[in-house]
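S.K.: Have a look at this one.
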Amino acid sequence: MSRIGPQRIVCLTEETTELLYLLGEEDRIVGISAYTERPAKAKEEKPRVSAFINGNIKRIKELDPDLVIGFSDIQAQLSHDLVKEGLNVLITNQRSLEEIFQTILMVGSLIGKSEQVSTLVGSYKKKLNEIKKRSSSKPKLKVFFQEWDHPIITGIRWVSELLEIVGAVDCFGQLKEKSLAKDRIISLHEVADAKPDLIIGSWCGKPMDFEWVRTREEWKNIPAIKNDKIFEMDPAIILQPGPALFEEGILEMDRILEEVRTSLS
1 MSRIGPQRIV
11 CLTEETTELL
21 YLLGEEDRIV
31 GISAYTERPA
41 KAKEEKPRVS
51 AFINGNIKRI
61 KELDPDLVIG
71 FSDIQAQLSH
81 DLVKEGLNVL
91 ITNQRSLEEI
101 FQTILMVGSL
111 IGKSEQVSTL
121 VGSYKKKLNE
131 IKKRSSSKPK
141 LKVFFQEWDH
151 PIITGIRWVS
161 ELLEIVGAVD
171 CFGQLKEKSL
181 AKDRIISLHE
191 VADAKPDLII
201 GSWCGKPMDF
211 EWVRTREEWK
221 NIPAIKNDKI
231 FEMDPAIILQ
241 PGPALFEEGI
251 LEMDRILEEV
261 RTSLS
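If you want it as C-alpha cells, here you go:
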C-alpha cells in the first residue's frame, strides 16, 4: 500500500524535522537545516542543506525532493530561489499558538497522519490549560523577554501568549500582534520604564550575554537587575514553533517563574 503525500521532504527549519521524527516518518526526510538540534540523531542521519536564511540550492535539487518545507518570511528569498528551480515549496508563517497548532495539523494531514497529530495537538492544549489553571492564582510577575540585543527585540507572539499562560505579564504584550521582528524593536529606556521583575533572554543564533544585560546604565534601577533575576532559555525550545515548545519550552518557562516567585516571597 502506497503512503500518502510527499515521500522526499527537505526541512529548512527544525520544527518540521522534529515533528516528522515524532510521527515515525523520518524516512521521508532527505535534507535538514544546519541548525537542527532535535532530535539529536537527525544531525547524524540526514544531510544538512541550509542555514536559516540561505540554503544550498544545488544540493537541495540533487536530493530530488517532492516538497520543501520552511518557516517565516525571513526565508522568502530562499523560497523564491527554490521555486524558480521548479521545486514545490511550502513556507508557513505561524506566529500564535493557535497558528502553530494549525500548522502541525496541516503537515500531519499532508503525510496521512491526521489522527496522530490531532491527538498530539490535543495533548499540548491540555498541558497548556493545566499550567494556566495552576498559575492563575499566583502573583503576576512582569517579564521582559529579549530575543536580540542589537537592536533590542522583544518576544514573538507565541512567547507572549506562553507568558500569559504561566501567570506572567509580558512587559511588551502590546507588540505581540506585530508579526515582523523589526516591528518589535524597543529601546533601553522603554525596558527601564517597564520595570520588569525578571528578564528572560533567548538570543536566536548566539548565547545571551549576561554581562551586557547587567551593565546597561539605563537598567541599573529595574527590579530584574537589582535582584539579579536574569535567565536564559535555549532558542531551540522557545523560538521554534514545534513540539519542543510544548514538551520543554513551556515547562522551562513555568519553572523560571516559579523559582522567582519563591525567591521573592
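The sequence shown begins at 1 in full-length UniProt numbering and counts up by one. Positions of the beta carbon are idealized from the N, C-alpha and C atoms, including for glycine.
My assumption, with CB atoms under 8 Å, is that Ile-199 sits in contact with Ala-224. Please give the rounded CB distance.
M.R.: With 8 Å as the limit, Ile-199 and Ala-224 qualify as a contact, their Cβ atoms being about 5 Å apart.
S.K.: How is Ser-109 classed by DSSP in three states: helix, strand or coil?
M.R.: In the structure shown, Ser-109 sits in a helix (DSSP, three-state: H, G or I).
S.K.: Nearest-angstrom Cα distance between Leu-78 and Leu-264?
M.R.: Those two C-alpha atoms are separated by around 47 Å.
S.K.: Report yes if the C-beta distance between Pro-243 and Leu-90 is below 8 Å; otherwise report no.
M.R.: It is not a contact, given that the beta carbons lie outside the stated cut-off.
S.K.: Jot down the residue ranges of each uninterrupted alpha helix (DSSP H) in the stretch 20–47, minimum 4 residues, whole runs only, in chain order.
M.R.: DSSP runs (the alpha helix (DSSP H)) wholly in the stretch 20–47: 41–45.
S.K.: What is the C-beta distance between Ile-165 and Lys-132, in whole angstroms, given that I count them as a contact (C-beta under 8 Å)?
M.R.: With 8 Å as the limit, Ile-165 and Lys-132 qualify as a contact, their Cβ atoms being about 5 Å apart.
S.K.: Here's the rule: buried if 16 or more other CB atoms are within 10 angstroms of the residue's CB, otherwise exposed. What is Ala-40?
M.R.: Burial call: exposed.
S.K.: In angstroms, rounded to a whole number, what distance separates the CA positions of Ile-36 and Thr-13?
M.R.: Per the sequence shown, residue 36 should be read as Thr rather than Ile. Roughly 7 Å separates the two Cα atoms.
S.K.: Leaving out five residues on either side along the sequence, give the residues of the same chain with a beta carbon under 6 Å from the beta carbon of Lys-176.
M.R.: Cβ within range, chain order: Arg-157 and Ser-160.
S.K.: Could you pull the DSSP bridge partners for Ile-69 from this structure?
M.R.: Answer by DSSP bridge pairing, in chain order: Cys-11 and Leu-90.
S.K.: My output table needs one value for Lys-126: the three-state DSSP class, helix, strand or coil.
M.R.: Note: Lys-126 maps to helix in three-state DSSP.
S.K.: In the DSSP assignment, find the unbroken alpha helix (DSSP H) run with Asp-170 in it and report its ends.
M.R.: Not the alpha helix (DSSP H): Asp-170 falls in the beta strand (DSSP E), residues 168–170.
S.K.: Put Trp-203 into one of helix, strand or coil per three-state DSSP.
M.R.: Trp-203 falls in the coil class under three-state DSSP.
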